[in-house]
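Taken in sequence, the protein lines are chains A and B.
The working numbering applies: residue 1 is where the first sequence begins, and numbers increase by one.
The working numbering applies: residue 1001 is where the second sequence begins, and numbers increase by one.
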Amino acid sequence: MQSASSAHQRNNPAKKRIWSYVLAIGTLVMLWQVAAWSLPSFLLPDPARVLRQVPEVISTGAFWNTLLTSLGRLFTALATAAALGIGMLFLGAAIPALRSYFRALMALLQSVPPIAWFPLLLLWFGFGALPIVIVVTLAALFPLAIAGLNALEQVEPRWLDLARVLGAGRWQVVQRVYLPAALPALLSGLEIGFGNAWRSLIAVEMLAGAARGLGGNIQLAGQLGDMITVLIGICVIGLLTIALDWLLLEPLKRRLLAWRYR
Amino acid sequence: MSLELQSVGKHFGALTALEEVSFHCTEGEFITVVGPSGCGKSTLLRLIAGLDMPTTGLVRFHQAPVRQPGSERALVLQDRVLYPWLNLEANVAMGLELARKPRSQARQEARDWLARLGLAGFEEYYPHQVSGGMAQRASLAQVLAVQPRLLLLDEPFGSLDALTRLGLQQVLHGLWQELGFGVVMVTHDVDEALYLADRVIVLTPRPGRIVADLPIYLSRPRNRDETPFITLRREVLAWLGIQPREGEHRR
Chain A
1 MQSASSAHQR
11 NNPAKKRIWS
21 YVLAIGTLVM
31 LWQVAAWSLP
41 SFLLPDPARV
51 LRQVPEVIST
61 GAFWNTLLTS
71 LGRLFTALAT
81 AAALGIGMLF
91 LGAAIPALRS
101 YFRALMALLQ
111 SVPPIAWFPL
121 LLLWFGFGAL
131 PIVIVVTLAA
141 LFPLAIAGLN
151 ALEQVEPRWL
161 DLARVLGAGR
171 WQVVQRVYLP
181 AALPALLSGL
191 EIGFGNAWRS
201 LIAVEMLAGA
211 ARGLGGNIQL
221 AGQLGDMITV
231 LIGICVIGLL
241 TIALDWLLLE
251 PLKRRLLAWR
261 YR
Chain B
1001 MSLELQSVGK
1011 HFGALTALEE
1021 VSFHCTEGEF
1031 ITVVGPSGCG
1041 KSTLLRLIAG
1051 LDMPTTGLVR
1061 FHQAPVRQPG
1071 SERALVLQDR
1081 VLYPWLNLEA
1091 NVAMGLELAR
1101 KPRSQARQEA
1111 RDWLARLGLA
1121 GFEEYYPHQV
1131 SGGMAQRASL
1141 AQVLAVQPRL
1151 LLLDEPFGSL
1161 DALTRLGLQQ
1171 VLHGLWQELG
1181 FGVVMVTHDV
1191 DEALYLADRV
1201 IVLTPRPGRI
1211 VADLPIYLSR
1221 PRNRDETPFI
1231 TLRREVLAWL
1241 GIQPREGEHR
1251 R
């Protein structure tokens, strides 16, 4: 079988990527150390000192609460964005006029950084999870929807012809040709949307002073001059992004786009 | 009368692709259409398939005017048209699943069709993992699975190497004799047309018009180097405006 050899070929780039990440993290920690030597420790504590604090911080319930709060908001927003994006794709695939309308709408809305809506949302919905989740949903939705809608334009006419020849009705063409054909682009859009959502989440949590979550924690610690907590927060965000990408997005891609990896 | 074209014409803006094309064929008849590139052969098939509407004239299939595509008139294109995200089995099962056959039954029928076209053991392969000839076999299986009464073939073997092409011509010939569907096949390969057809229709380029409609009374299976075959080849080439030199074999 050829699958054994291709599996082997797949592992190599993955291994290379791990080493690149190790190297990149090493470089950043070194830069941090160099900077820490030249700055007083209340401005920038060195890596070793921060590391020593880590066990104490992560053993508290508050830390995990904060983390789960943020992740909960992130995934609520991602799921909402995915549902809206797929809904738009479904309608856009069935009705070509709607497709260009949705694209115009998304392009217009995308030009505004989602966080700019926050003051408005705060007035409408108050200090709670809702305005945060809405901002993060918008951040994830635009790249997702635009990538998907663009992919609809790229669907090969012969695939559509073939489906019609085989007897497909309009909705069957949408479901069996447009959606699978747009799926790779949709997943790339989801990847970008995920990055956008994560960044917006931290930013909006920092903005919404009273809100908990990773961003709120960093903001509060900064105001108290607790640079160790700030730095731990930054590290957690960075590592979590990589972990989510590897544990969630990559396997999802491999599962849904299995044919591409054969 | 199974298929009937009445003064069919097709214009694309100022360009006239087809003009005054009329012919009919009986149930189970094998028709090949030959002509130089740009004579509207593919357009002709798309009109019969119902993917495009004629500008003038009418296409009828079993009396009813053709208004939309349907699996009783199934079209196979030259290039790889299998869905790249489906394996061969799922590709062949597609038409059956669109007709809402139960999944397990559709899959079983798909496997049977693949086996029939010599692709047993390749069910799990994706189109990009198999050769062009195998992909074209799977395309045939995909379309035959919906049991069309008329098979429309647009240069189906045009992008294959010569040996693979000969093999697939035989496969197609066997299936046609066994299953009794009609065929309208467009090709630029005169030998292929003569090897397979009950009738060869010759089109002129721009606008495509019928210049000859030749019944082929050779017994089957045919032999490409017998005298009557060679005589017919000369005749078709003459209709196409090509003078073959003595001893020269096309392809």
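Glycine included, every Cβ here is placed at the ideal spot set by N, Cα and C.
Beta carbon of residue i nearer than 8 Å to that of residue j
i: B:A1110; j: B:A1135; result: no
i: B:V1186; j: B:L1153; result: yes
i: B:V951; j: B:V1200; result: This structure cannot speak to residue 951 of chain B, because chain B is shown only from 1001 to 1251.
i: A:K253; j: A:L186; result: no
i: B:G1040; j: B:P1207; result: yes
i: B:I1048; j: B:V1183; result: no
i: B:P1228; j: B:L1214; result: no
i: B:L1252; j: B:H1024; result: No answer is possible for residue 1252 of chain B: the residues shown for chain B start at 1001 and end at 1251.
i: A:F194; j: A:L249; result: yes
i: B:R1046; j: B:F1061; result: no
i: A:G216; j: A:A145; result: no
i: B:Q1129; j: A:R262; result: yes
i: B:L1203; j: B:R1233; result: no
i: B:P1156; j: B:P1036; result: no
i: A:W32; j: A:P55; result: no
Beta-carbon neighbours of residue i, restricted to chain A and to distances below 7 Å
i: B:P1084; result: W259
i: B:V1146; result: L166 and G167
Interface partners of residue i on chain B, CB under 9 Å
i: A:R164; result: A1049, G1050, L1051, Q1068, P1069 and G1070
i: A:P113; result: Ordered by position in chain B, no residue passes the 9 Å Cβ test against A:P113, which lies about 35 Å from the chain.
Extent of the continuous alpha helix (DSSP H) run through residue i
i: B:H1173; result: A1162 to L1179
i: B:A1138; result: G1132 to L1144
i: A:L66; result: The amino acid occupying residue 66 of chain A in the given sequence is Thr; Leu does not appear at that position. Unbroken alpha helix (DSSP H) run through A:T66: G61 to A94.
i: B:E1235; result: T1227 to W1239
i: B:T1043; result: K1041 to A1049
Contact set between residue i and chain B, taken where Cβ atoms lie within less than 7 Å
i: A:R262; result: Y1126 and Q1129
First and last residue of the uninterrupted beta strand (DSSP E) at residue i
i: B:K1101; result: Per DSSP, B:K1101 belongs to no beta strand (DSSP E) and is neither H nor E.
i: B:A1074; result: R1073 to V1076
i: B:G1057; result: T1056 to F1061
i: A:F125; result: No beta strand (DSSP E) holds A:F125; the alpha helix (DSSP H) holding it covers F118 to F125.
i: B:E1192; result: Segment V1190 to L1196 is the alpha helix (DSSP H) holding B:E1192; no beta strand (DSSP E) there.
i: B:M1185; result: G1182 to T1187
i: B:R1199; result: R1199 to L1203
i: B:G1009; result: L1003 to F1012
i: A:I177; result: Inspection of the sequence shows that residue 177 of chain A is occupied by Val rather than by Ile. No beta strand (DSSP E) contains A:V177, which DSSP labels as neither H nor E.
i: B:D1154; result: L1150 to D1154
i: B:F1030; result: F1030 to V1034
Three-state secondary structure (DSSP) of residue i
i: A:A48; result: helix
i: A:L224; result: coil
i: A:C235; result: helix
i: A:R199; result: helix
i: A:E156; result: coil
i: A:L252; result: helix
i: A:L166; result: coil
i: B:D1213; result: strand
i: B:Q1068; result: coil
i: B:R1022; result: Note that residue 1022 of chain B is Ser in the sequence shown, not Arg. DSSP places B:S1022 in strand when its eight states are reduced to three.
i: B:R1251; result: Because the pLDDT at B:R1251 is just 46, under 50, the model does not fix this residue reliably, and the point stays unresolved.
i: B:V1081; result: coil
i: A:I192; result: helix
i: A:R103; result: helix
i: B:L1117; result: coil
i: A:V112; result: coil
i: A:P143; result: helix
i: B:I1242; result: coil
i: B:G1208; result: strand
i: A:L138; result: helix
i: A:S6; result: Summary for A:S6: the model assigns pLDDT 47, below 50, so the residue's position carries little reliability; its value from the coordinates is reported in the next sentence. Correct three-state label for A:S6: helix.
i: B:L1015; result: strand
Closer than 7 Å: residue i CB and nearest the ligand MG heavy atom
i: A:I86; result: As presented, the structure is devoid of all ligands, the ligand MG included, so that no description of it is given.
Residue i: contacting residues in chain A (beta-carbon distance under 9 Å)
i: B:M1094; result: L162, A163, L166, A168 and R176
i: B:L1098; result: A163, L166, G167, A168, G169, Q172 and R176
Listed by chain order, chain B residues near residue i by CB distance under 8 Å
i: A:R158; result: L1077, D1079 and V1081
i: A:P251; result: Ordered by position in chain B, no residue passes the 8 Å Cβ test against A:P251, which lies about 18 Å from the chain.
Residues that residue i contacts on chain A, provided the C-beta gap is smaller than 8 Å
i: B:A1074; result: V165 and L166
message: With three or more beta-carbon pairs closer than 8 Å as the criterion, would you say the segment 163-178 of chain A touches the segment 77-97 of chain A?
response: Verdict: yes, contact present.
field: the segment 104-115 of chain A touching the segment 221-240 of chain A, judged by at least three CB pairs closer than 8 Å
entry: No, the segment 104-115 of chain A is not in contact with the segment 221-240 of chain A.
- prompt: Would you say the segment 57-66 of chain A touches the segment 160-171 of chain A, given that touching needs at least three Cβ pairs under 8 Å?
  reply: Short answer: they don't touch.
Validate contact between the segment 75-87 of chain A and the segment 130-143 of chain A using beta carbons, cut 8 Å, 3 pairs: Contact between the segment 75-87 of chain A and the segment 130-143 of chain A is present, because at least three Cβ pairs lie under 8 Å.
- request: Could you tell me whether the segment 1119-1126 of chain B touches the segment 1086-1097 of chain B, where touching means 3 or more Cβ pairs closer than 8 Å?
  value: Remark: three or more beta-carbon pairs, one from each stretch, lie closer than 8 Å, so the segment 1119-1126 of chain B and the segment 1086-1097 of chain B are flagged as touching.
message: Whether or not the segment 1159-1178 of chain B and the segment 233-245 of chain A are in contact is what I'm after, with contact meaning three or more pairs of Cβ atoms, one per stretch, closer than 8 Å; do they touch?
response: Judged by Cβ distances under 8 Å, the segment 233-245 of chain A makes no contact with the segment 1159-1178 of chain B, as fewer than three pairs qualify.
Inter-stretch contact (C-beta, 8 Å, three-pair minimum) for the segment 146-159 of chain A and the segment 207-226 of chain A: No contact exists between the segment 146-159 of chain A and the segment 207-226 of chain A.
message: Can you confirm whether the segment 114-127 of chain A touches the segment 197-216 of chain A when touching is taken to mean that 3 or more C-beta pairs between the two stretches lie within less than 8 Å?
response: Touching, yes.
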